[in-house]
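J.: If you scroll down you'll find the structure; I have some questions about it.
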Amino acid sequence: GDSVTQMEGPVTLSEEAFLTINCTYTATGYPSLFWYVQYPGEGLQLLLKATKADDKGSNKGFEATYRKETTSFHLEKGSVQVSDSAVYFCALGNTGGFKTIFGAGTRLFVKA
Amino acid sequence: KAGVTQTPRYLIKTRGQQVTLSCSPISGHRSVSWYQQTPGQGLQFLFEYFSETQRNKGNFPGRFSGRQFSNSRSEMNVSTLELGDSALYLCASRIAPGTENTEAFFGQGTRLTVV
Chain A
349 GDSVTQMEGP VTLSEEAFLT INCTYTATGY PSLFWYVQYP GEGLQLLLKA TKADDKGSNK
409 GFEATYRKET TSFHLEKGSV QVSDSAVYFC ALGNTGGFKT IFGAGTRLFV KA
Chain B
3 KAGVTQTPRY LIKTRGQQVT LSCSPISGHR SVSWYQQTPG QGLQFLFEYF SETQRNKGNF
63 PGRFSGRQFS NSRSEMNVST LELGDSALYL CASRIAPGTE NTEAFFGQGT RLTVV
């Protein structure tokens, strides 16, 4: 079945450091890929998405490119801020699958 | 427009009791999914409802059940609570099933503590 694997956390970075959170997936067909973010005490909210191969999703300085050849959707940000401290979830959605598959989540701590 | 609303936000129950959680989806959204989030297991799919019918179910015991009303509001029920049921329960809504390639909108969750 469909699955998502993302790097384990926590990830601790200093402010202005470069961020990469790895995500790989297994899926049939042509799923959409998502990154969701969860701030403390909140539900998940969509950070960015890509709906087909080679698409690049971007938002708030975060980017991720849908790589079909490597089945990956790694999240990157050039310069993190303390306010980026949160849990990040990679996810895939496959029409006909009737549910979104989430990775385990990666907690990011950014120190001032 | 209003987002997904979950009530209550916090709940403390005793082992053996039952609990009912409520979710009101975004207006016009007809698909509601429930997830359990725990530190050890991450985000796990419970079930999805559409048109008052359960369309998909995760791997949870029968103590976990749900329903959806004609106005798309959904409730989930957990009977005979166990300590391990302590978790954040999240509800997500979509316009309709078959749109899993689009964004799901999440509520803030209900934090259930079983003592």
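In order, the protein sequence lines correspond to chains A and B. According to our numbering, the first sequence holds residues 349 to 460 in order. According to our numbering, the second sequence holds residues 3 to 117 in order. Glycine included, every Cβ here is placed at the ideal spot set by N, Cα and C. Just so it is clear, the structure is predicted and the values come from calculations on it, not from any experiment.
Give a yes or no on whether 8 Å exceeds the smallest Cβ distance from residue 106(B) to chain A.
T.: On the second sequence, residue 106(B) is found 104 positions in, with the first residue counted as 1. Answer yes: the Cβ-Cβ gap between residue 106(B) and chain A drops below 8 Å somewhere.
J.: Please identify the residue among 456(A), 449(A), 352(A) and 409(A) whose C-alpha is closest to the C-alpha of residue 430(A).
T.: Start at 1 with the first residue of the first sequence, and residue 430(A) comes out as number 82. The residue with the shortest Cα to Cα distance from residue 430(A) is 456(A).
J.: Between which residues of its own chain and residue 372(A) is the CB-CB distance below 7 Å, once the five residues before and five after are set aside?
T.: For the purposes of this step, residue 372(A) is identified with residue 24 of the first sequence, where counting begins at 1. Counting only Cβ-Cβ distances below 7 Å, and skipping sequence neighbours, we find 353, 419 and 420.
J.: Between residue 13(B) and chain A, is there a C-beta pair that is closer than 8 Å?
T.: Here the question's residue 13(B) lines up with position 11 in the second sequence. Judged by the 8 Å Cβ criterion, residue 13(B) is not in contact with chain A.
J.: Can you tell me where the beta strand (DSSP E) holding residue 12(B) begins and where it ends?
T.: For the purposes of this step, residue 12(B) is taken as residue 10 along the second sequence, with counting starting at 1. Run containing residue 12(B): 12-15, per the beta strand (DSSP E) assignment.
J.: Can you check whether the CB of residue 114(B) is closer than 8 Å to the CB of residue 89(B)?
T.: Against the second sequence, residue 89(B) aligns to sequence position 87. Against the second sequence, residue 114(B) aligns to sequence position 112. For residue 89(B) and residue 114(B), yes; Cβs fall inside 8 Å.
J.: Check whether the Cβ of residue 47(B) lies closer than 8 Å to any Cβ atom in chain A.
T.: Here residue 47(B) is taken as the residue at index 45 of the second sequence, counted from 1. Output row for residue 47(B): interface = yes.
J.: Which one of 72(B), 42(B), 83(B) and 77(B) has the shortest CA to CA distance from residue 65(B)?
T.: Here residue 65(B) refers to the residue found at position 63 when the second sequence is read from its first residue. For residue 65(B), the nearest C-alpha among the options comes from 83(B).
J.: Would you verify that the beta carbon of residue 391(A) is, or is not, closer than 8 Å to some beta carbon of chain B?
T.: Taking the first residue of the first sequence as 1, we reach residue 391(A) at position 43. It does: the Cβ of residue 391(A) has a partner Cβ on chain B nearer than 8 Å.
J.: Which residues in chain A have a C-beta closer than 7 Å to the C-beta of residue 61(B)? List them in chain order.
T.: For the purposes of this step, residue 61(B) is taken as the residue at position 59 of the second sequence. Chain A residues near residue 61(B): none, gap ~12 Å exceeds 7 Å.
J.: Compute the Euclidean distance between the alpha carbons of residue 63(B) and residue 54(B), then round it to the nearest angstrom.
T.: In the second sequence, the residue the question calls residue 63(B) occupies position 61. In the second sequence, the residue the question calls residue 54(B) occupies position 52. Using only the alpha carbons, I get a separation of about 21 Å.
J.: What is the rounded straight-line gap between the Cα of residue 35(B) and the Cα of residue 95(B)?
T.: The residue you call residue 35(B) lines up with position 33 of the second sequence. The residue you call residue 95(B) lines up with position 93 of the second sequence. The alpha-carbon atoms of residue 35(B) and residue 95(B) are separated by roughly 6 Å.
J.: Pull up the distance between the alpha-carbon of residue 33(B) and that of residue 52(B), whole angstroms please.
T.: Looking up residue 33(B) in the second sequence gives position 31. Looking up residue 52(B) in the second sequence gives position 50. Rounded to whole angstroms, the gap between the alpha carbons of residue 33(B) and residue 52(B) is 5 Å.
J.: How big is the Cα-Cα spacing for residue 109(B) and residue 45(B)?
T.: Taking the first residue of the second sequence as 1, we reach residue 109(B) at position 107. Taking the first residue of the second sequence as 1, we reach residue 45(B) at position 43. The alpha-carbon of residue 109(B) is positioned some 14 Å away from that of residue 45(B).
J.: Would you list, in chain order, the members of the region 371-396 of chain A that have their beta-carbon closer than 9 Å to a beta-carbon of chain B?
T.: Sequence-ordered contacts of the region 371-396 of chain A with chain B read 378, 379, 380, 382, 384, 386, 389, 390, 391, 392, 393 and 394 [C-beta pairs closer than 9 Å].
J.: Among the candidates 386(A), 351(A), 438(A) and 384(A), whose CA atom is the shortest distance from the CA of residue 377(A)?
T.: Taking the first residue of the first sequence as 1, we reach residue 377(A) at position 29. Looking at the Cα atoms, 351(A) is the closest of the given residues.
J.: So what does residue 51(B) bridge to, in DSSP terms?
T.: Mapped onto the second sequence, residue 51(B) falls at position 49. Paired residues: 34(B) and 56(B).
J.: Taking all protein chains shown into account, decide if residue 414(A) is buried (16 or more other Cβ within 10 angstroms of its Cβ) or exposed.
T.: Here residue 414(A) refers to the residue found at position 66 when the first sequence is read from its first residue. Counting Cβ neighbours within 10 Å, residue 414(A) comes out buried, since at least 16 surround it.
J.: Please confirm if residue 35(B) has its CB atom under 8 Å from at least one CB of chain A.
T.: Numbered from 1 along the second sequence, position 33 holds the residue referred to as residue 35(B). Yes, because at least one Cβ of chain A sits closer than 8 Å to the Cβ of residue 35(B).
J.: Rounded to whole angstroms, what is the Cα-Cα separation between residue 381(A) and residue 389(A)?
T.: As a position in the first sequence, residue 381(A) is number 33, starting the count at 1. As a position in the first sequence, residue 389(A) is number 41, starting the count at 1. Looking at the backbone, the Cα of residue 381(A) and that of residue 389(A) are separated by about 24 Å.
J.: Say whether chain A places a C-beta atom closer than 8 Å to the C-beta of residue 50(B).
T.: In the second sequence, counting from the first residue as 1, residue 50(B) sits at position 48. For residue 50(B), the answer is yes, since a Cβ of chain A falls inside 8 Å of its Cβ.
J.: Could you compute how far the alpha carbon of residue 401(A) sits from the alpha carbon of residue 111(B)?
T.: Within the first sequence, residue 401(A) is the residue found at index 53, counting from 1. Within the second sequence, residue 111(B) is the residue found at index 109, counting from 1. Their backbone Cα atoms lie some 33 Å apart in a straight line.
J.: Determine, using beta carbons only, whether residue 436(A) and residue 454(A) come nearer to each other than 8 Å.
T.: Within the first sequence, numbered from 1, the residue matching residue 436(A) stands at position 88. Within the first sequence, numbered from 1, the residue matching residue 454(A) stands at position 106. Cβ atoms of residue 436(A) and residue 454(A): closer than 8 Å.
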